[in-house]
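Colleague: This is the structure I have questions about; it appears just below.
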Amino acid sequence: MALVGSHIWLRKRFIQLRRADNLRDMDDAHYYDLVRAKLENELVADGHLQVYATEVPRLSVMLVQTLMESQSQPQRILASDLTTDPNLLTRRREYLAANRQLLQAGGTISRLFIAYERDLAREDYARSLLELINYHRDLGVTCGLAVRDRLRADQAVDVIIISEAAAFVEDEQGDADYTKGRSTVHFKGVDRWITRFESAWGNGADSAAAALRTYENAARLLLDSAWDEARIRRAVNSL
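The sequence shown begins at 233 in the working numbering and counts up one residue at a time.
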């Protein structure tokens, strides 16, 4: 019974690499099985997994889907985006579809958009950012804004925190088609990523949600009339 319980616990906690139904299908079955075992042991021992390029979006979708399948609690995602190009984030269609499924199933998502002061003062950037935020709000995402120039280095990170089970950290920014990019999934020490996110998000009048409202009120007014960089800079300075 103890062995069965341990096996179930391991399957829930760690990624299990699929075994071939017939090892003879491999050109060198023994070599394949040794590599599979080494990868599996490394993941269990170290509690992290690195993925590259096109594997990054695929794994991000899998992590969200696995959260729903596992019913791990809370059914929640905390995400911070280093938003250098708002249009880039609208192209993650499979990931956004998985987000929608989680929200429709009763889960919650809080997403922190982290932007440089100089970008927030640009008319083209503001228009793209607010369109992106509208899209996420329509999904049911709680959105917030933080100024990257004012965050500590450990707060200004691109991370997706899956419940209290995993933190998916973008180590190297991917391009539009993920022909490059590198990310790490941490299955241990997730609480430190939650703490970083919460410290960047803040509370009450100083929260990221309040900062977004302040910026949004000023930017939308100017986008509907005439863009005034001096006025928007004053708004950004007040965040």
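Don't be surprised by glycine CBs; every beta carbon is placed ideally from N, CA and C.
1) Taking contact to mean at least 3 C-beta pairs separated by less than 8 angstroms, is the segment 293 to 309 in contact with the segment 331 to 340?
2) Compute the Euclidean distance between the alpha carbons of V314 and A261, then round it to the nearest angstrom.
3) Counting C-beta neighbours from all protein chains within 10 Å, is the total for D390 16 or more, i.e. buried, or is it exposed?
4) Rank N366, R452, L310, R354 by C-alpha distance to the C-alpha of D423 and give the top, closest one.
5) Determine the closest residue to T374 out of L444, R359, A330, T322, with distance taken between C-alpha atoms.
6) Taking all protein chains shown into account, decide if D351 is buried (16 or more other Cβ within 10 angstroms of its Cβ) or exposed.
7) Based on DSSP bridge pairs, tell me the residues matched to F345.
8) Taking C-alpha atoms, which residue in G436, A285, I346 lies nearest to E404?
9) Run through DSSP, which three-state label would Q282 get?
10) Taking only three categories from DSSP, how would you classify R414?
11) Please state whether DSSP places A467 in a helix, a strand or coil.
12) Among A440, A441, S292, which one has its Cα closest to the Cα of Q327?
13) Evaluate contact between the segment 435 to 450 and the segment 351 to 371, counting only Cβ atoms and requiring at least three cross-stretch pairs below 8 angstroms.
14) If you compare alpha carbons, which of Q333, A441, S439, S395 is closest to W475?
15) Threshold first: 4 residues or longer. Then list the alpha helix (DSSP H) segments lying entirely within the segment 411 to 450, N to C.
Modeller: In short:
1) yes
2) One detail in the question is off: residue 314 reads as Leu in this sequence, not Val. Straight-line Cα distance between these residues: approximately 43 angstroms.
3) buried
4) L310
5) L444
6) buried
7) D313, L377
8) A285
9) strand
10) strand
11) helix
12) Before going on, a small fix: residue 327 reads as Tyr here, not Gln. Residue S292 is the option with its Cα nearest to Y327.
13) yes
14) For the chain, the structure presents residues 233 to 471; residue 475 sits outside this window and is missing.
15) 422 to 433
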